[in-house]
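Residue numbers (my numbering): 1 to 111.
Where is the CB? At the ideal position from N, CA and C, for every residue including glycine.
If you're wondering where the values come from, they're calculated on a predicted model, not measured in any experiment.
A short write-up of the structure that comes next.
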């Protein structure tokens, strides 16, 4: 009986995990000598979002990304992807930019 109960729990927990993974929005951004690309992103509200940021240049001040509304400021190693969990997004917009607020920034529009 315990075996069946454990098996059922595993099946349903894996189903719930797969279901949650399916609806997650992955937003990929490159940091180039032109800035954040793309710099304008649209997503639907209520969907969990993950920002994947890859810095491909060493020619700018973009060695960090900051997202003030989420209290996020992270280093961006060259040619490595940094994943940032933004959680479920509510209607509005989220601004992001370099760590020194000098480089062209971008916005995520949630609508």
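Under the three-state DSSP convention, the category residue i falls into
i           : result
residue 70  : helix
residue 5   : With a pLDDT of 48 at residue 5, under the threshold of 50, the modelled position of that residue is not reliable, and no figure is offered here.
residue 46  : coil
residue 105 : coil
residue 90  : coil
residue 115 : Here the chain comprises residues numbered 1 to 111, so residue 115 is not present and cannot be evaluated.
residue 97  : strand
residue 25  : strand
residue 116 : Residue 116 cannot be examined here, being either before or after the span of the chain that is shown, 1 to 111.
Cβ neighbour criterion (16 or more within 10 Å) applied to residue i
i           : result
residue 98  : buried
residue 78  : exposed
residue 94  : buried
residue 46  : exposed
residue 28  : exposed
residue 116 : The structure shown does not extend to residue 116, since the chain is modelled only from 1 through 111, so no value can be given for it.
residue 69  : exposed
residue 40  : exposed
residue 23  : exposed
residue 92  : exposed
Residue-chain proximity (residue i, chain C), Cβ-Cβ < 8 Å
i          : result
residue 80 : Judged by its chain identifiers, the structure shown contains no chain C, having just a single protein chain.
Supposed close pair residue i, residue j - CB separation, criterion 8 Å
i          : j          : result
residue 53 : residue 76 : 6 Å
Beta bridge counterpart(s) of residue i as assigned by DSSP
i          : result
residue 83 : 52
residue 75 : 64
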